[in-house]
Amino acid sequence: MDGSGAVAAPTPFACMRTLREGRAMKDSVERFLSALQAEKGFSANTVSAYRNDLNQFVGFLTNDLGVSSWSEIMDSHLTSYMLALREREYATSTVARKTAAIKSFFAYMVDSGSLRADPSEQVASPRVEKYTPKAMSEQEIAALLAAPGKRIGSADAERDEAMLWVLYSTGMRVSELVGLDLDDVDLETGTIRCTGKQGRTRTVPLDERARNALSAYLQNGRTAILRDSDDQALFLNHRGNRLTRQGFWLILKKYADEAGVGEVTPHTLRHSFATHQLTQGRDLSDVQRILGHVSIATTQVYQRVASEMGNGQGTGGDGADGVVPRFPELAEAVSESR
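First residue of the sequence shown? That's 13 in the working numbering, and the numbers climb one at a time after it.
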């Protein structure tokens, strides 16, 4: 503070020191993230989310609180950060994820000998309300799947129809869908291999209509979009590169609007697949395997939704017969590996 009572601006040297300190703390974050990928097999998407969350935390510590190293962290620093998150009105689920990232990081720092004690030990994770997955009715699914077919002769439409059928009829996650390569598809046996969380792979059956849509795309649509003959990505964007999750989201939104089915996310199709399979009487353990759930408790959440649909709540009415994928030998067709 100068003689006038005003707060003095940070000197260039102070700014440089803050940058160095922040960089050193971020280096620790990067070592932690590398360990997550190498030792625990976390997906690139999870690592990216953790990186953003932890870098935000580092920025708050260095810029707002003047912390220069991890060894300086105290309970009060973490309390201040949690209050700051609340003031910014983040969703409870977002705060829970950020808290989980921080607690995992400090556990790593203690395990690796970088810290003697875990300053986040007393930080409670916010309670996230359990939610009931939203499943589309069979009629809504039928309208969505039919939307690309209205664009006759379009290579993009052939790709989009194949993607929608594959996503719905296998219950894949969108990250698994856009990560598919050509050699993951076996049209002869009617199966497709995908890589899920923590690098776990599973081979699941394709519904006949999904198989037909994929076959048409591979014969015509993909050839028209392809730029590099060596590209092994199954689904390509208009530049001939692998389609991204964000790209698929935009495509899905377009067709959902055209079909008039309201707001739909890629996970809505996964929820719908699971719910419709259980509504048709499929065994819960079969659905667990095809979805790639480690715990059957994760799959059980769909039973209540299926029960409501079976009682006439949220059903599609007439005109959607046959849209639900049917796999007579589903249990035998699904295989998993690491």
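Ideal Cβ positions, reconstructed from N, Cα and C, are used throughout, including at glycine.
I'd like the list of long-range same chain contacts for Leu-262, defined as Cβ closer than 8 Å, with 5 residues on each side in sequence excluded. Mapped onto the sequence shown, residue 262 falls at position 250. None.
Along the chain, where does the beta strand (DSSP E) containing Thr-203 start, and where does it finish? Here residue 203 is taken as the residue at index 191 of the sequence shown, counted from 1. Here the beta strand (DSSP E) through Thr-203 covers 203 to 207.
By alpha-carbon positions, which one of Val-336, Glu-320, Pro-337 and Val-335 ends up nearest to Lys-146? As a working mapping, residue 146 is identified with position 134 in the sequence shown. Residue Glu-320 is the option with its Cα nearest to Lys-146.
What is the DSSP secondary structure of Thr-256, counted as helix, strand or coil? In the sequence shown, residue 256 corresponds to position 244, counting from 1. Three-state result, Thr-256: coil.
Helix, strand or coil for Ala-103 per DSSP? Sequence index remark: in the sequence shown, residue 103 carries index 91 (1-based). Residue state, collapsed to three classes: coil.
Take Ala-225 as the anchor and find which of Leu-48, Leu-199 and Thr-207 has the nearest alpha-carbon. Working through the sequence shown from its first residue, we reach residue 225 at position 213. Answer by Cα proximity: Leu-199.
Could you check what DSSP says for Val-216 in three-state terms: helix, strand or coil? Residue 216 sits at position 204 when you count from the first residue of the sequence shown. In the structure shown, Val-216 sits in a strand (DSSP, three-state: E or B).
Buried or exposed: where does Pro-337 fall if 16 or more other Cβ atoms within 10 Å of its Cβ makes it buried? As a position in the sequence shown, residue 337 is number 325, starting the count at 1. Looking at its Cβ environment, which holds 16 or more other Cβ atoms inside 10 Å, Pro-337 is buried.
Option nearest Leu-157 by Cα separation, candidates Arg-294, Leu-303 and Lys-266: Position 145 of the sequence shown, counted from the start, is the residue given in the question as residue 157. Nearest option by C-alpha distance: Lys-266.
Is it buried or exposed, Ile-204, if we count other Cβ atoms within 10 angstroms and call 16 or more buried? On the sequence shown, residue 204 is found 192 positions in, with the first residue counted as 1. Buried: at least 16 other Cβ atoms inside 10 Å.
Is Val-178 helix, strand or coil by DSSP? Numbered from its first residue, the sequence shown carries residue 178 at position 166. In this structure, Val-178 counts as helix in the three-state DSSP scheme.
Given a threshold of 16 other Cβ atoms within 10 Å of its Cβ, counted over all protein chains shown, does Arg-239 qualify as buried or as exposed? Translated into positions along the sequence shown, residue 239 becomes position 227. Exposed, since its Cβ has fewer than 16 Cβ neighbours within 10 Å.
Inter-residue Cα distance where the pair is Asp-87 and Asp-195: The sequence position of residue 87 within the sequence shown is 75, counting from 1. The sequence position of residue 195 within the sequence shown is 183, counting from 1. Rounded to whole angstroms, Asp-87 to Asp-195 spans 51 Å at the Cα level.
Could I get the ranges of all uninterrupted alpha helix (DSSP H) runs contained in the stretch 227 to 251, with 4 residues as the minimum, in chain order? 234 to 237
Exposed unless 16 or more other CB atoms sit within 10 angstroms - verdict on Met-172: As a first step, residue 172 is located in the sequence shown; it is residue number 160 there, counting from the start. Here the sequence assigns Asp to residue 172, which means Met is not the residue at that position. Asp-172 should be labelled buried.
Does Val-306 come out as helix, strand or coil in the three-state DSSP assignment? Here residue 306 corresponds to residue number 294 of the sequence shown, with the count starting at 1. Note: Val-306 maps to coil in three-state DSSP.
Residue range of the unbroken alpha helix (DSSP H) whose run includes Glu-188: On the sequence shown, residue 188 is found 176 positions in, with the first residue counted as 1. Per DSSP, Glu-188 belongs to the alpha helix (DSSP H) from 186 to 190.
Which residues does DSSP list as the beta-bridge partners of Asp-198? Here residue 198 is taken as the residue at index 186 of the sequence shown, counted from 1. DSSP output for Asp-198 lists Thr-203 as bridge partner(s).
Can at least three beta-carbon pairs, one atom from the stretch 229 to 249 and one from the stretch 157 to 169, be found at a separation below 8 Å? yes
Asp-130 - DSSP class collapsed to helix/strand/coil: Residue mapping note: residue 130 aligns to position 118 of the sequence shown, counting from 1. DSSP places Asp-130 in coil when its eight states are reduced to three.
Looking at the secondary structure, which residues open and close the alpha helix (DSSP H) in which Arg-63 lies? Residue mapping note: residue 63 aligns to position 51 of the sequence shown, counting from 1. 56 to 71 is the extent of the alpha helix (DSSP H) around Arg-63.
In the DSSP output, which residue or residues are listed as bridge partners for Asp-193? Residue mapping note: residue 193 aligns to position 181 of the sequence shown, counting from 1. Partner(s): Ala-245.
Helix, strand or coil, according to DSSP, for Arg-223 in the structure here? The sequence position of residue 223 within the sequence shown is 211, counting from 1. Note: Arg-223 maps to helix in three-state DSSP.
Which class does Leu-77 belong to by DSSP, given the choice of helix, strand or coil? Within the sequence shown, the letter at position 65 stands for residue 77. Three-state result, Leu-77: coil.
Stretch pair the stretch 211 to 225 + the stretch 178 to 191: three plus CB contacts closer than 8 Å: yes
How is Met-148 classed by DSSP in three states: helix, strand or coil? Reading the sequence shown from its first residue, position 136 is the one you call residue 148. DSSP places Met-148 in coil when its eight states are reduced to three.
With a threshold of 8 Å, are at least 3 pairs of Cβ atoms found where one atom belongs to the stretch 65 to 81 and the other to the stretch 120 to 136? no
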